[in-house]
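Step one of this worksheet: look at the structure below.
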Amino acid sequence: MTESSEDRKKIDRSGALLQFETGSLSKEELEGVLNTLPVDITFVDKEDAVKYFSKGEGRIFARTKGVIGRKVQQCHPQKSVHMVSRIVEAFKTGKKNVAEFWIQMGDRLVHIRYFAVRDKGGKYLGTMEVTQDITGIKKIEGERRLLDWKD
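In numbering that gives the first Met the number 0, the protein residues as written are 0 to 150.
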C-alpha cells in the first residue's frame, strides 16, 4: 500500500514525518537509522553546544544525556581543548571542512573525523563528529561480493 500525497500532507502536519529532498522518514525511522550506523555520531551546533549523539551499541566514547547543551570544549580532555577550538574555528570561517585523526585504544584502531555541517548556501550549522572502530576494516583483503553472503 502506498501513501497518497494527501496522506503525506496529513502526516507532515502532525509532525510525524520528516521531509527531505530525497524522501521522508518518521522520527522513529530516522533514530533507528542513526543508531544502526556502524559509527558513533555527535552533533555540535553553531554555538559550540552538543545537541545530539547517536546511541549505537558499543559506543567508543561513552556519552550521557548530561552532555546535551554543554560546550564541546568541556567534553574533551584539557590537553586537547585548544585543538578542538581550532578545528571548530576553521569550520566556522570556512577555512576547512574536515579534520581527521586515528588513535590506538588497546587493540583497537579508532578513526575520528570531524565535518563542518553547512546548509545549501554554505552557511555553517555546526560540527559533526564521527567515530569508528576500523580494526576489522583494516584487516580486509581481496573481495567478498553480495552473492558470497551466507545467512
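Glycine included, each C-beta is placed from N, C-alpha and C at the ideal position.
All of these numbers come straight from a predicted model, not from anything done at the bench.
Helix, strand or coil at residue i according to DSSP, with G and I counted as helix
i: Asp118; result: coil
i: Phe100; result: strand
i: Arg62; result: coil
i: Arg143; result: coil
i: Lys138; result: coil
Beta-carbon proximity list for residue i, same chain, < 6 Å, skipping 5 on both sides
i: Gly68; result: Ala48
i: Asp44; result: Lys50, Gly125
i: Thr41; result: Phe52, Glu128
Bridge partners - residue i, DSSP secondary structure assignment
i: Lys70; result: Ala48
i: Ile40; result: Val129
i: Gln18; result: Ser23
i: Arg112; result: Glu99, Val129
i: Arg85; result: Beta-bridge pairing links Arg85 to no other residue.
Chain-order list of residues whose beta-carbon lies under 8 Å from that of residue i (same chain, five-residue window excluded)
i: Lys95; result: Ile86, Ala89, Ala115
i: Thr21; result: none
For residue i, the first and last residue of its enclosing beta strand (DSSP E)
i: Ser53; result: Element bounds for Ser53: n/a, residue is neither H nor E.
Heavy atom of the ligand NAP within 6 Å of residue i beta-carbon
i: Val49; result: This structure does not include the ligand NAP; it has no bound ligands of any sort.
Own chain partners of residue i with C-beta closer than 7 Å, once the 5 adjacent residues on each side are dropped
i: Lys137; result: Leu108
i: Val38; result: Val129, Thr130, Gln131
is_contact[residue i, chain B] using C-beta, thresh 7 Å
i: Asp118; result: Here chain B cannot be found, since the structure has a single protein chain.
Supposed contact pair residue j and residue i - C-beta distance, whole angstroms, cut 8 Å
i: Ser53; j: Leu36; result: 7 Å
i: Lys91; j: Tyr123; result: 5 Å
i: His81; j: Glu99; result: The pair is not a contact, with the Cβ atoms about 18 Å apart (cut-off 8 Å).
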